[in-house]
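2 protein chains.
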Amino acid sequence: MAALVVLAIPATALADPLPSWNDGDTKKAITTFVESVTREGSPDFVAEGERIATFDNDGTLWAEQPVYFQLLYAIDQVKKMAPDHPEWKSQEPFASVIKGDMKSVIASGKQGLMKIIAATHANMTAEEFQANVASWLKTARHPKTDKPFNEMVYKPMLELMDYLRANGFKTFIVSGGGVDFMRVFAEETYGIPPDQVVGSSLKAKYEVHNGKPAIIKLPEINLIDDKEGKPVGIHQYIGQRPIFVAGNSDGDYQMLEWATSGDGPRFGLILHHTDAKREWAYDRKSHIGQLNKGLDDAKEKGWTVIDMQKDWKVVFPFDKQ
Amino acid sequence: MAALVVLAIPATALADPLPSWNDGDTKKAITTFVESVTREGSPDFVAEGERIATFDNDGTLWAEQPVYFQLLYAIDQVKKMAPDHPEWKSQEPFASVIKGDMKSVIASGKQGLMKIIAATHANMTAEEFQANVASWLKTARHPKTDKPFNEMVYKPMLELMDYLRANGFKTFIVSGGGVDFMRVFAEETYGIPPDQVVGSSLKAKYEVHNGKPAIIKLPEINLIDDKEGKPVGIHQYIGQRPIFVAGNSDGDYQMLEWATSGDGPRFGLILHHTDAKREWAYDRKSHIGQLNKGLDDAKEKGWTVIDMQKDWKVVFPFDKQ
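Sequence order for the protein chains is A and B.
Going by the working numbering, the residue at position 60 of the first sequence is 809; the numbering climbs one at a time, nothing skipped.
Going by the working numbering, the residue at position 257 of the second sequence is 1006; the numbering climbs one at a time, nothing skipped.
This is the structure we're talking about:
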């Protein structure tokens, strides 16, 4: 009879919900928070509709080295489109992209980047763009691991999002990356539906062309969902202050600051990339995913810092367990 | 035994999910569509994640006569704020608002309206604005029915949204009204959480004031979520083309057109206000909620038109049943 009772308890209630996390302070802080906000009658109880969790994407859910994956997409697209654009051979930043001269591409600055975005992300329908991204994800491989980019995701973070959802949280991405880009894979990769992805975006217009209505992506910035843009993006798209936020760089600082300064229980989480062997080690001086002020202030702000090397049993799903 | 089997069938499977709708073509068209997209193995089956339904608000979920309720809010706020703004006595459109001269207010046009919005919807934190709206909803009454505005909702449409959600649809508001305004009551009134409300919005900025972070609403338009703005708003906020759309005016035309021209089964629904006795009767010549092109094209486009007088047993929840 006792055996039957035990069998009747769902397996999830017994199993460790975060098996890729080493036991220790970080994991304990997460589970203690989730248990306290979900226990009815607890002074920290939070109603289900208010259990909003937001996650940065680049460097928090998937890797961002040697450079943001979306930039690699843009570069691949420029190379693919180059035969139809002979003029690019003498136009910067396209000439440097085609030659693979990344230093000159970066030296072209914001204006150069905007030209690359305009050429690869705009002046096409939203559906054409999504089809291009889907096709790229199927064939492109990461320069270091030779894995598809949507496998370069952090297994412990996938478990964390599953764990939060199993506890009545609604999980959102809030990323500096492009919203239309992330929506192509967010549901399959992270279990996050398109309407729960917040990101940087271009303006768009509605047009009926030959009787066929479509959304056309325009070469003009609508929202830069980074730094101060993150709380603004959360306000505009989600409409509630999250109680759980996770990021990895100073681009997430304002999101962490805003969310964790709200009333009631709040949880701020920073992923510190400390694992040069299994992933990459970078922080204060990195050009990608710089983490400086966040590291300085985490303790005072009460934010939990993940030490990737120490806290994670495994990094990528394809790693040996 | 047979009785036990019957008892074991959930009550919802037996009960009419749309009791406030008269039996007839309109109700039949809705239930036939929902059954076909949810029946596994049906050629029209749509996976749950793609069952996106969008509803206009003013005139579709709640009434919009004699004038949009949000404008009544703005007018009440101007009157409430007037003692602190003696200069308004000689400034239009404020002088006319205070005098209750609505003709002059309307004659002040877009510029006048923008001044009223700036005074009542901007230069405050998002939380202050929401508190003001919540407090107004508690005390303000509709000029004709003397009911709170959030009771001026259409019972048949509440049932329709419940019915869709029970069948795996995700329901969204997509309205020309202000998103921050609607989010105050959308969850309680419609069962729609803040992140599933899309609407017109002002720009906003993030600011830390005396160590307290806040979102400040700015007196600048971000998105006009009306006409061509509706498909754009859906693209930016929801990221998927809806398969079920409901509206009542030509402001919803492009949303209906875009959604119903997608591949696979699609359902477009127009609420035609034909009931001068229980609600209001207006369409082609109305200044509020004009429905002209939509009425002309509904048949050709395959959109279902609700005849309020004929199709609805009851209009408001407070009506005698």
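Just so it is clear, CB atoms sit at the ideal spot from N, CA and C, and this is done for glycine as well.
Kindly list the residues whose CB is nearer than 6 angstroms to the CB of T787/A, restricted to its own chain and excluding five residues on each side of it in sequence; keep chain order.
N916
Measure the beta-carbon distance from G1038/A to G808/A and round it to whole angstroms, keeping in mind my assumption that it falls under 8 angstroms.
4 angstroms
Helix, strand or coil at M750/A [DSSP, three-state]:
For M750/A, the pLDDT reaches just 46, beneath the cut-off of 50, and the residue's location in the model is therefore unreliable, although a value from the coordinates is still provided. M750/A: coil per DSSP, three-state reduction.
Of the listed residues M1057/A, E900/A and N997/A, nearest to A697/A (C-alpha basis):
In the structure as shown, chain A begins at 750 and stops at 1070. Residue 697/A is therefore absent and cannot be evaluated.
If we count the other Cβ atoms within 10 Å of its Cβ and call it buried at 16 or more, is D1012/B buried or exposed?
Burial state of D1012/B is exposed, judged by a 10 Å Cβ sphere holding fewer than 16 other Cβ atoms.
Give a yes or no on whether 8 angstroms exceeds the smallest Cβ distance from A875/B to chain A.
yes
Could you check what DSSP says for G1017/B in three-state terms: helix, strand or coil?
strand
Just to make sure I have the definition right: I need the residues of chain A whose C-beta is within less than 8 angstroms of the C-beta of Q985/B. Which are they?
V928, S950, A953 and N971
Interface flag, I992/A vs chain B, CB-CB below 8 angstroms
no
Closer than 8 angstroms, Cβ to Cβ, to anything on chain C: give me those residues from the stretch 1006-1037 of chain A, in chain order.
Absent from the structure: chain C. Protein chains present are A and B.
How would you label L913/A, buried or exposed, when you count the other beta carbons within 10 angstroms and need 16 or more for buried?
buried
Take L1081/A and list the residues in its own chain whose beta-carbon comes closer than 8 angstroms to its own, dropping the five residues that flank it on each side.
No information on residue 1081/A is available, as it lies outside the stretch 750 to 1070 that chain A covers here.
Considering only C-alpha positions, which residue in the set V795/B, I964/B and K852/B is nearest to H870/B?
I964/B
Boundaries (first-last residue) of the beta strand (DSSP E) holding T803/B:
Unbroken beta strand (DSSP E) run through T803/B: I801 to F804.
Proximal residues of chain A, C-beta to C-beta of E977/B below 9 angstroms:
Simply K954, Y955 and E956.
By how many angstroms is the C-alpha of P962/B removed from the C-alpha of P835/B?
32 angstroms
Closer than 8 angstroms, CB to CB, is I964/A near chain B or not?
yes
Please report how far the alpha carbon of S1035/A lies from the alpha carbon of Y817/A, in whole angstroms.
13 angstroms
Of all the options A1030/A, S845/A, D850/A and I824/A, which has the alpha carbon lying nearest to the alpha carbon of I1055/A?
A1030/A
Need the endpoints of the alpha helix (DSSP H) that V846/B sits in, please.
Looking at the DSSP string, the run of the alpha helix (DSSP H) that includes V846/B is F843 to K848.
Whole angstroms are fine: how far does the CA of A802/B sit from the CA of I922/B?
9 angstroms
For a test of the three-state rule: what should DSSP assign to N959/B, helix, strand or coil?
coil
Can you list, in chain order, the residues of its chain with a C-beta nearer than 7 angstroms to that of K954/A? Leave out the 5 residues immediately preceding and following it.
I965 and L967
Measuring straight from C-alpha to C-alpha, what distance separates F1016/A and E956/A?
In this structure, the alpha-carbon of F1016/A lies about 43 angstroms from that of E956/A.
Can you tell me which of G988/B, H984/B and P980/B puts its alpha carbon nearest to the alpha carbon of G996/B?
Restricting attention to G988/B, H984/B and P980/B, the CA atom closest to the CA of G996/B is found in P980/B.
For K896/A, which residues in the same chain have their Cβ closer than 7 angstroms to its Cβ, ignoring the five residues on either side in sequence?
R890 and F1067
Candidates S998/A, R1027/A and N771/A: which alpha carbon is nearest G733/A's?
Not covered by the structure: residue 733/A. The range shown for chain A is 750 to 1070.
Kindly indicate which three-state DSSP category E977/A falls into: helix, strand or coil?
Of the three classes helix, strand and coil, the one that applies to E977/A here is coil, per DSSP.
By Cβ distance, which residues of its chain are closer than 6 angstroms to W1007/A, with the 5 residues on each side in sequence left out?
P980
H958/A: buried (16+ other C-beta within 10 angstroms of its C-beta) or exposed?
exposed
Just reading off the beta strand (DSSP E) that A995/B is part of, what are its end residues?
F993 to G996
According to DSSP, simplified to helix, strand and coil, what is K742/B?
Nothing can be reported for residue 742/B: it is not among the residues displayed for chain B, which extend from 750 to 1070.
The beta strand (DSSP E) spanning T1053/A covers which residue range?
T1053 to D1056
Residues of chain B with CB closer than 7 angstroms to the CB of R800/A, please, in chain order.
Here the premise fails: no neighbours, minimum Cβ distance about 11 angstroms.
Suppose contacts are defined by Cβ-Cβ distances below 8 angstroms. Is I847/B in contact with A868/B by that definition?
no
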